[in-house]
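Chains as they are written, first to last, in the UniProt record's numbering: chain A, 1 to 335; chain B, 1 to 322.
Glycine included, each C-beta is placed from N, C-alpha and C at the ideal position.
Since the structure is predicted, the reported quantities are computational estimates derived from the model, not experimental observations.
Working notes, beginning with the structure itself.
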Amino acid sequence: MSLLDVKNLSISFATPRGRLAAVRDLSFSLKAGETLALVGESGCGKSLTALALLGLLEPPAVMEGNGIFLEGRNLLTLDEPTLRSLRGSRIAMIFQEPMTALNPVLTVGEQIMEVITEHEGGGRRAARARAVALMEKVRIPDAERRFAEYPHRLSGGLRQRVMIAMALACSPAVLIADEPTTALDVTIQAQILDLIGTLKRENGTAVLFITHDLGLVGQHADRVMVMYAGRVVEERTAADLFADPLHPYTRGLIAARPGLGGSGRRERLMEIPGTVPGLGAMPVGCAFSPRCAFADDLCRSTVPTSIDQAGGRIACHHSEGIHDREPAIRRIGNS
Amino acid sequence: MRRYLRRSLWQIGIVVLGIATINFFLLHLAPGDAAEVMAGESGAATAEYMAALRQQFGIDQPLYLQFLRYVGHLLTLDLGYSFREGMPVAELMRQRLPATLLLMGSSTALAVSLGCVLGFMAARRAGKIADTVISTLALLFYATPVFWVGVMLVMVFSVALDWLPIGGMTSIEAGYRGWALAGDVARHLVLPAVTLGLFYLAIYTRLVRASMLEVYHLDFVRTARAKGVRPWRIATRHVLRNALLPVVTTLGVQLSSILGGAVLVETVFSWPGLGRLAFEALFHRDLALLLGILFCSSLVVVFVNLAVDLIYTLLDPRIELS
Ligand SMILES: Nc1ncnc2c1ncn2[C@@H]1O[C@H](COP(=O)(O)OP(=O)(O)OP(=O)(O)O)[C@@H](O)[C@H]1O
Ligand SMILES: [Mg+2]
C-alpha cells in the first residue's frame, strides 16, 4: 500500500489579474521505505509542493486536486485541527536552511521535546529522555550536553541533525526533505543524506527528497520526478533515468551536470539555452518548447499529456522517437 | 559577566559625574538665584538682606568653588541642603520618592502589560475587526498630547461623572487607615497613572503588534507549524518571545524619560512626588534640590540601561555581554 498518494494536485496564486498556476496536475505515490526525488530548477514549484502536502500554503497560494491521501486519509477534506495533529507526527518536513529554521531563543532540546509533548502529551521528563535519545540516534555527539544548547551555538550540520531529530520524533510515515543539504558543505552533505537513508530503512519511512542537484539523486533516491515550470515532465526509476533519459529537458539536465568523464578530464558542459518562463508568461503548449531543440508546431500549441513509457511516465510529444533525433541536439549543443 | 559589570560600573561613575557637571553649569547659566526669589516673595529686597541670604546659602562664592564643593559632597554621597525648605535634599527626596515610585510603577506596569496583551491580540487577528479597533485606538492615543489626555480625563471622570478625585494622593480630611487608605490612594492613582501610561500603552501596543507580525514570517515559525504545534503555543512560545526584544528597548527609553512626564502629570494632578518637587525647585531657583533630583534621575537612567542589557541576554541567548 502506498503511504502517500497525490492525485492531480494544482497550486496557483490568486492575483488581481486572475490565477497564476505554479504547480499543475501533479500526481505521484510513495511507498513505505521508498525515496522519491523531486528534481527541478529553482522556482519550478518544489517548495510549494512540499508546503501543500503539509497543508501549510498561505494566501495568496491556493491548492486544488482530487486528493492527497496520507495513509488512506484525504488531507484535502480534513479540518485544520486534524491536519495539525498529523503534521509532525504522520508527515514531517526538514527545511533547507538550518540556520533560520530553528527558533533562536529556545534550546534545541526544547524544540525537539515540543514535537513529542504536542503530539503525544505525557510528562516532560519522559519527553526529555526521548529527545536526548533522538539526538543520539541522529548521531549528535554529547547529546545530553547539547540538549541545552541554543541553535546559534551549533554548526550547520548539527543543526540539520536537530531538524532531522525533530522530524523523526514521532516516527512519521512520510518525511519531506526540502533541499536538506543545500546550505551545507559537501562532506557534511553526504553524512546528512546517509543519515536520512539509514533512518528511513530502519523505520520504513517514505521520503520525498526535494533537490535541484541531480548529482545527489543517483545515490540517494529510488525513483525520480523531474519537474519543469510546475509540471512533472519525466518520472522514472533513478537507474533508468540516468541510463536513458527520455524527456529533452532531462537529457539537457544530465548533460549539464558537472562530472568527470572516463578520461579523467572534465566533460564538456552542455547548457540548456534560454531561461525558465515566469509564472505569468507560460507558453501555450509545452512549457519547455521555447528551449527545446525538438520542438515543432504540435509542441508549441498543445500541452503534452503524461504517458506511461519505459517503466515510467513522460510528458513529451516526441519522447518515443527521441533517440533518432539525438544528433540534432548534439549539433545545437556544439554550435 | 562579572568583568562586564565591573567595567559598566566604572563607565556609569564617569557618565554620572559628567552629567552632574553639565547640569551644574547649565543651571547656573540661567539668570536669577534663590535669594532673589525669596527676597521677592518676602517683599524686602534690600541689598543687605539679599547679600546675607546669599552668604547663608553659600552662593556668594565664585562658581568654581561652588562647583568643587558640590562635587566633593557628591563623592561622599551628600546631596546638599535645601535652604528654601530648610531640610537636607536627600531627606526631601526620600519623602517624595514613594509617591513617584508608585505612580511610575503603576503607569509603567499598566502600559507594558496592557500594551503587550493588546498588541498580541491585534497581531493574532491581523486585518480583522479586533485588530482595526485596537490599532486605531493605539494610533489615537499615540498622537494625543499627554497634558490634553490628563485634562480630558479629569473633565470626564472627576468633574462630569464625579467618580474619581481631581488630584492629590489621599483624602486627608477623611483620615483613612489600613485598607481604606490603600483604596483611597488607589482611587487617587487611577487618573495620573492612566495619563502618564497611555502614551506608552499606545507605543507598546503598536510595537508588539508590528514585531509579532514580522516574526510570524520567519522560517522558524513555519518549522513550528510543520511540527504540528498548536496556534496558541506558536503565538506565545515562538512568536511573542522573539517579539519582546524591542519592548525591552522601549521600556528602557520609557523609564529613562519618565521623570519628564512625571513633572507634568504630578503638577496637573497635584501628586506629591519627585516630579512636582523638581518643578517647584526650578520655580524657586532651589538649585541644590534641583541638582539632587537630576543627579538621582541620571542614576536611574544609567542603571535602567544596564538592566536592559542584562534582560537582553536573558531574552535572547545570541546576545552575549562582552
Ligand atoms: N506569494 C507568491 N506570489 C506569487 N508567486 C509566488 C509566491 N511565492 C512563490 N511564488 C512563485 O512560485 C514559484 C515556485 O516557488 P517554489 O518556492 O516552490 O520554488 P522552488 O522550486 O522551491 O525553488 P528553489 O529551488 O529556489 O527553492 C516561483 O516561481 C515563485 O516565484
Ligand atoms: Mg524551494
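Can you pull the chain B residues whose beta carbon is under 7 Å from the beta carbon of residue i, in chain order?
| i | result |
| --- | --- |
| Gly88 of chain A | Ala226, Lys227 and Gly228 |
| Met93 of chain A | Ala226 |
| Ser85 of chain A | Gly228 |
| Glu97 of chain A | Asp219 |
| Met166 of chain A | Lys227 |
| Glu114 of chain A | Lys227 and Val229 |
Residue j and residue i - do their beta-carbons sit closer together than 8 Å?
| i | j | result |
| --- | --- | --- |
| Gly230 of chain A | Leu184 of chain A | no |
| Leu255 of chain B | Val304 of chain B | yes |
| Ile134 of chain B | Thr205 of chain B | yes |
| Leu26 of chain A | Val39 of chain A | no |
| Ser47 of chain A | Asp178 of chain A | yes |
| Leu3 of chain A | Val174 of chain A | yes |
| Leu53 of chain B | Ala30 of chain B | no |
| Leu168 of chain A | Leu208 of chain A | no |
| Gln189 of chain A | Thr198 of chain A | no |
| Phe95 of chain A | Asp219 of chain B | yes |
| Ala32 of chain A | Ala239 of chain A | no |
| Leu153 of chain B | Thr170 of chain B | no |
| Arg257 of chain A | Leu193 of chain A | no |
| Leu251 of chain B | Val112 of chain B | yes |
| Ala226 of chain B | Leu54 of chain A | yes |
| Gly292 of chain B | Val15 of chain B | no |
| Ala278 of chain B | Val263 of chain B | yes |
Which chain B residues sit within Cβ distance under 9 Å of residue i?
| i | result |
| --- | --- |
| Thr82 of chain A | Per Cβ cutoff of 9 Å: no residues; Thr82 of chain A is ~11 Å from chain B at best. |
| Leu56 of chain A | Arg222, Arg225 and Ala226 |
Would DSSP call residue i helix, strand or coil?
| i | result |
| --- | --- |
| Pro304 of chain A | coil |
| Arg209 of chain B | helix |
| Val226 of chain A | strand |
| Ile254 of chain A | helix |
| Ser107 of chain B | helix |
| Glu280 of chain B | helix |
| Phe294 of chain A | coil |
| Ile11 of chain A | strand |
| Phe69 of chain A | strand |
| Gly157 of chain A | helix |
| Met155 of chain B | helix |
| Met1 of chain B | coil |
| Asp309 of chain B | helix |
| Ile91 of chain A | strand |
| Arg266 of chain A | In this prediction, Arg266 of chain A has a pLDDT of 45, which is less than 50 and means its spatial position is unreliable; nothing more can be read from the coordinates. |
| Ala310 of chain A | coil |
Taking residue i as the query, report the chain A residues whose CB atoms sit under 7 Å from its CB, ordered along the chain.
| i | result |
| --- | --- |
| Phe220 of chain B | Thr100, Ala101, Leu102 and Asn103 |
| Arg241 of chain B | Val105 |
| His238 of chain B | Asn103 |
Counting only Cβ pairs nearer than 8 Å, list the residues of chain A close to residue i.
| i | result |
| --- | --- |
| Thr249 of chain B | Ordered by position in chain A, no residue passes the 8 Å Cβ test against Thr249 of chain B, which lies about 16 Å from the chain. |
| His28 of chain B | Neighbours of His28 of chain B on chain A: none; closest Cβ ~49 Å, over 8 Å. |
| Asp309 of chain B | Under the 8 Å cutoff, chain A gives no residues; its nearest Cβ is about 17 Å from Asp309 of chain B. |
Can you tell which of the options has the C-alpha that lies nearest to the C-alpha of residue i?
| i | options | result |
| --- | --- | --- |
| Ala148 of chain A | A:Leu3, A:Ala129 and A:Ile164 | A:Ala129 |
| Met104 of chain B | B:Gly275, B:Pro317 and B:Ile59 | B:Gly275 |
| Ser306 of chain A | A:Val276, A:Gly278, A:Ala206 and A:Met227 | A:Met227 |
| Leu290 of chain B | B:Arg187, B:Leu26 and B:Tyr4 | B:Leu26 |
| Glu120 of chain A | B:Leu287, B:Leu294, B:Gly292 and B:Arg230 | B:Arg230 |
| His220 of chain A | A:Met63, A:Ala37, A:Gly252 and A:Ala32 | A:Ala37 |
| Gly43 of chain A | A:His152, A:His212, A:Tyr150 and A:Leu57 | A:His212 |
| Val253 of chain B | B:Ser298, B:Val239 and B:Ser171 | B:Ser298 |
| Pro248 of chain A | A:Val207, A:Cys292, A:Thr275 and A:Gly274 | A:Cys292 |
| Arg90 of chain A | A:Pro98, A:Val108, A:Ile116 and A:Val284 | A:Ile116 |
| Trp148 of chain B | B:Leu97, B:Leu196 and B:Pro246 | B:Leu196 |
| His188 of chain B | B:Asp131, B:Ala143, B:Trp271 and B:Leu251 | B:Trp271 |
| Gly218 of chain A | A:Gly67, A:Met166 and A:Arg236 | A:Arg236 |
| Cys286 of chain A | A:Gly123, A:His318, A:Gly311 and A:Ala310 | A:His318 |
| Pro151 of chain A | A:Asp142, A:Val162, A:Ser301 and A:Pro141 | A:Val162 |
| Val284 of chain A | A:Pro273, A:Asp297 and A:Ile272 | A:Asp297 |
Which bits of chain B does residue i rub up against, with CB to CB less than 8 Å?
| i | result |
| --- | --- |
| Tyr249 of chain A | Going along chain B, no residue has its Cβ under 8 Å from Tyr249 of chain A, so there is no contact; the nearest lies around 30 Å. |
| Tyr150 of chain A | Pro317 and Arg318 |
| His119 of chain A | Gly228 |
So which residues of chain A does residue i contact, with C-beta pairs closer than 9 Å?
| i | result |
| --- | --- |
| residue 334 of chain B | What is shown of chain B runs 1 to 322, which leaves residue 334 of chain B out entirely. |
Could you tell me whether any Cβ in chain E is nearer than 8 Å to the Cβ of residue i?
| i | result |
| --- | --- |
| His217 of chain B | Here chain E cannot be found, since the structure's protein chains are A and B. |
*Return the chain-ordered ranges of every alpha helix (DSSP H) run that is complete within the segment 14-62 of chain B and spans a minimum of 4 residues.*
34-42 and 47-57
*Jot down the residue ranges of each uninterrupted alpha helix (DSSP H) in the segment 177-213 of chain A, minimum 4 residues, whole runs only, in chain order.*
186-203
*asked:* Quick check on the DSSP output: what are the complete alpha helix (DSSP H) runs of length 4 or more inside the segment 177-201 of chain B, in order along the chain?
replied: none
*Which residue spans inside the segment 8-51 of chain A form an unbroken beta strand (DSSP E) run of at least 3?*
18-31 and 35-39
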